[in-house]
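K.L.:
Right, I'll just put the structure down here and ask away after.
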Amino acid sequence: MLDTNTVRKISFGNSVIEYSVIKSKRRKTSQIMVDGEEVIVRTPVTKKNSEIKKIVESKASWIFKKQLEFKKRIDVNYIPKKYTKKFLLKQVNSYAGKVGITPSKVTIKKMRTRWGSASKDNVINLNEHLLKAPKGAIDYVILHEICHLKIRNHSHRFWELVRKFMPNYIENRKWLEVNSTRIVE
Ligand SMILES: [Zn+2]
Numbered sequence: 052m053l054d055t056n057t058v059r060k061i062s063f064g065n066s067v068i069e070y071s072v073i074k075s076k077r078r079k080t081s082q083i084m085v086d087g088e089e090v091i092v093r094t095p096v097t098k099k100n101s102e103i104k105k106i107v108e109s110k111a112s113w114i115f116k117k118q119l120e121f122k123k124r125i126d127v128n129y130i131p132k133k134y135t136k137k138f139l140l141k142q143v144n145s146y147a148g149k150v151g152i153t154p155s156k157v158t159i160k161k162m163r164t165r166w167g168s169a170s171k172d173n174v175i176n177l178n179e180h181l182l183k184a185p186k187g188a189i190d191y192v193i194l195h196e197i198c199h200l201k202i203r204n205h206s207h208r209f210w211e212l213v214r215k216f217m218p219n220y221i222e223n224r225k226w227l228e229v230n231s232t233r234i235v236e
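Using the working numbering, the first residue of the sequence shown is number 52, and each one after it goes up by one.
Below, the structure is given as structure tokens:
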């Protein structure tokens, strides 16, 4: 019999662990199941609620760990972010050092049409969707925008500057062209 009308609770540190109880006549021992966030305790019908609570309390740290593992799995599966904003800023600093020019400011935000841009007052804007791209593509966009701080157009001189710091830049640019829709949408 599932004790659904009461979701019981215990506190564990700053967290609350909720659990439901299923009592069964056939059962001789108690068992705790953690399925994602849900905790179900199966016990013999004779177990008192206070005893069940004690069992859950004694296993609280184990339950909490299981729930945490589940949350982490969700993060890995559903949030495709591979890199962090901090990583983007690190790469900006690194390429700025190589090219020998420093942006006045770097902003990272979601943009629909561009991977990056460089403004006249030397602000570099990077598309937050870059976090999902491979490192080569990220580095290419950053280098491209930093080179624009020196050369504002796409002249031969500009591409020579890009090539100087990334001889295989065409490969990375291709990746961005091919994957643009997939990443941005
Ligand atoms: Zn450009």
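The C-beta atom is built at its ideal place from N, Cα and C for all residues, glycine as well. Keep in mind that this is a model prediction, so the values were computed, not measured.
Might you give, ordered along the chain, the residues of its own chain that have their beta carbon closer than 6 Å to the beta carbon of W226, omitting 5 neighbours on each side?
P.N.:
In the sequence shown, the residue the question calls residue 226 occupies position 175. Excluding residues within five positions, the ones whose Cβ falls inside 6 Å are A188.
K.L.:
Assuming K201 contacts I152 under a Cβ cut-off of 8 Å, what Cβ separation, rounded to an integer in Å, is found between them?
P.N.:
One-based indexing of the sequence shown puts residue 201 at position 150. One-based indexing of the sequence shown puts residue 152 at position 101. With 8 Å as the limit, K201 and I152 qualify as a contact, their Cβ atoms being about 6 Å apart.
K.L.:
Output the distance between the C-alpha atoms of K98 and A111, rounded to the nearest integer angstrom.
P.N.:
Locating residue 98 in the sequence shown gives position 47, where the first residue counts as 1. Locating residue 111 in the sequence shown gives position 60, where the first residue counts as 1. Going by the C-alpha atoms only, they are around 19 Å apart.
K.L.:
Does the beta-carbon distance from R77 to R93 come in below 8 Å?
P.N.:
Your numbering for residue 77 matches position 26 in the sequence shown. Your numbering for residue 93 matches position 42 in the sequence shown. No.
K.L.:
For the putative contact between V229 and Y220, defined by C-beta atoms under 8 Å, what is the C-beta separation to the nearest angstrom?
P.N.:
Indexing the sequence shown from 1 puts residue 229 at position 178. Indexing the sequence shown from 1 puts residue 220 at position 169. Incorrect: roughly 15 Å between the Cβ atoms, too far for contact.
K.L.:
Between H207 and ligand 1, is there a pair consisting of the residue's CB and a ligand heavy atom that are separated by less than 7 Å?
P.N.:
Locating residue 207 in the sequence shown gives position 156, where the first residue counts as 1. False, no ligand heavy atom lies under 7 Å from that Cβ.
K.L.:
Unbroken alpha helix (DSSP H) runs of length 4 or more, entirely within the stretch 59-121: which are they?
P.N.:
For the stretch 59-121, whole alpha helix (DSSP H) runs of length 4 or above, ordered along the chain, are 100-109.
K.L.:
Would you decide whether D86 is buried or exposed? Buried here means 16 or more other CB atoms lie within 10 Å of its CB.
P.N.:
Counting from one through the sequence shown, the residue named residue 86 turns up at place 35. Counting Cβ neighbours within 10 Å, D86 comes out exposed, since fewer than 16 surround it.
K.L.:
When you compare only the Cα positions, how much space is there between S109 and I83?
P.N.:
As a working mapping, residue 109 is identified with position 58 in the sequence shown. As a working mapping, residue 83 is identified with position 32 in the sequence shown. Those two C-alpha atoms are separated by around 11 Å.
K.L.:
May I ask you to check if the CB of H180 is nearer than 7 Å to at least one heavy atom of ligand 1?
P.N.:
The residue you call residue 180 lines up with position 129 of the sequence shown. Checking the Cβ of H180 against ligand 1 gives no.
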